[in-house]
Every structure is written in structure tokens, then in C-alpha cells.
Amino acid sequence: MNKEQFAEALAAKGIVLSARQLEQFDGYYRLLVEWNEKMNLTAITEEGQVYVKHFYDSITPAFYFSFDQVESVADIGGGAGFPSIPLKICFPHLKMTIIDSLNKRMTFLNHVAAELGLDGVYPVHGRAEERGQEAAYRESFDLVVARAVARLNVLAEYCLPFARVGGHFIALKGADISPELKEAKKAIKTLGGKTKKVETFQLVEEAGERNIVIIEKVGATPKGYPRKPGTPAKKPLL
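Here it is as C-alpha cells:
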């Protein structure tokens, strides 16, 4: 997928990019490749593949959920900025907080935001289990997103504490989500969530099946969650 095809594919979904936004995607790609030589950001570096498997893939939640209706977003385990930076480029009004446990990635994201002229990007170093208990972040976001971080029952404990009641959590997942959905049913309910819808689709250029899980925050997360660092992964809610 080249840049023109990327723009056309998004336009077909109702997301029309300006010349400036396309420049920002181009700049992001170049920074990703440049910094990837110094630190491990991604195994995918070929331009066409990055545009499909990182940029386009990151934007797919916007095909099923209105980002015009939200302002504050938290990307949990945001790594090199997926899905947060592509979403921020497409929807400049978003106030995007990116939480990740590796501080050097935060250095990269600060540089990306400065170079691309992205205001309202807030990289935060820390573990989700700890930040999710802090008043500054707990239950304070309209939307929480996460992409390929952990199984859904673990991911729910990382993410739902950050969403305000009435807000949403969107998980970007790969193929065959049914077993994870069953496994995560109790965790989602315990943490104050309710699965609203699951969208299954094929990524462009036969890049595989994807699932978008949209969970509404219908009640407050009990104070005990998220549990101490490492606990959700070692002892998932079942």
C-alpha cells in the first residue's frame, strides 16, 4: 500500500486526510525507521507494510466508533505509538495520553509529537497497574484504547480502570476472538464494563482478520483493581 492508496482507503471509510496530515504520516514513518535502528520499536519497517499493518490498522476503530464524540483518550501499552499517533493525526482534537512501561519509548513519542507538530500528546512512563490507581488517571478518560498488548481478560484489568463511567474501552485484536471474549466475560463485568459490540473484518491487502471489541464502562471499577504490577498477567480474572 502506498501513500495514495492509504489516503484512498481511508477516504472510502469517510476519513479524508489533508495534505498536512499525509505529510505527518510520512514524517512518522521516517522517524519510526530512523529510531528503530537505535531501539526496538517494530519488526515491520517496509513502508507499504507499515502503512497497512501499523497506520491503517491503528485507525480501524474509527470505522465503528465516532471519535468526534470523545476528547480525552488513553492508549495503554502504546509502545511506538500504535494506535495513538495515527488516531491523533486523523483526529487532531484528541487529547492523547500514552502510557507505557519503557521510558525510552516515551522519549521517542515526545520527539514524534514535537517533529510532527502534534499538540495534546502526553507520553507517560509507568505501568498500567500503578497509573490506574492514581487519581490523575483513574476513571478520567472518555476512551481507552489498546492494541495487541495481552489477552482480553488481562487487558480489561489494565484498561477499564482508566475509563470514566459512561466512557468506553476499545481493544484492537487479531483473529478468532471468541475464546478470549468468553474467557474475559467475568473480568469485564467485575471491572465495570459491558461488551457493546464486536466488529470482525479483513484488513486491506489480505493482511489478515482483525477484531474490534467495544466495551462500555457502565459502573465504577472496584478500588482493588488494577491489582499490583504483574498480578493481572499471573492471576487473570476468570
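In this note's numbering, the protein residues as written are 11 to 248.
Heads up, the beta-carbon is just placed ideally off N, CA and C, and yes, glycines get one too.
Around the beta carbon of Lys98, 16 or more other beta carbons sit within 10 angstroms, so the residue counts as buried. Boundaries cannot be given for Asp129, as no beta strand (DSSP E) includes it and DSSP labels it neither H nor E.
Judged by DSSP secondary structure, Val223 falls within the beta strand (DSSP E) whose first and last residues are Glu219 to Lys227. For Thr107, the three-state secondary structure derived from DSSP is strand. Taking all protein chains in view, the Cβ of Ser68 is crowded by 16 or more other Cβ atoms within 10 Å, so the residue is classified as buried. Leu247 and Gly142 have their C-alpha atoms spaced approximately 17 Å apart. The C-alpha of Val131 lies about 10 Å from the C-alpha of Gly91. Between Phe151 and Arg115, the C-beta gap is not smaller than 8 Å, which leaves the two residues out of contact. Apart from the 5 residues on each side of it in sequence, Gly184 sits with its Cβ closer than 8 Å to the Cβ of Ala158, Gly218, Glu219, Arg220 and Asn221 in its chain, given in chain order. Listed in chain order, the non-local C-beta contacts of Ser82 below 6 Å within the same chain comprise Lys105, Phe151 and Asp152, local neighbours out to five positions each way being set aside. Contact between the segment 70-77 and the segment 42-60 is not established, with fewer than three Cβ pairs separated by less than 8 Å. Per the coordinates, the alpha-carbon of Arg40 lies some 10 Å from the alpha-carbon of Gln34. Ranked by Cα distance from His135, the options Lys244, Leu119, Ile95 and Lys48 are led by Leu119. The criterion of a C-beta distance shorter than 8 Å is not satisfied by Leu170 and Thr107. Excluding its 5 nearest sequence neighbours in each direction, Tyr235 has C-beta neighbours in its own chain below 7 Å: Glu167, Pro171 and Leu201, listed in chain order. Secondary-structure assignment with DSSP links Ile180 through a beta bridge to Val155 and Ile224. With fewer than 16 other Cβ atoms inside 10 Å of its own Cβ, Glu144 counts as exposed. The beta-bridge partner set that DSSP reports for Asp85 consists of Ile108 and Val155.
The continuous stretches of alpha helix (DSSP H) do not include Gly136, and DSSP gives it neither H nor E.
Going by DSSP, Gln31 is part of the alpha helix (DSSP H) stretching over Ala29 to Asn46. Nearest to Asp85 by alpha-carbon distance, out of Ala181, Thr70, Lys23 and Cys100, is Ala181.
The DSSP-derived three-state label of Glu209 is strand.
Residue environment analysis places Pro242 among the buried positions, since at least 16 neighbouring C-beta atoms fall within 10 angstroms of its C-beta.
Look at Ala185 here: in three-state DSSP terms it is coil, with no helix or strand label.
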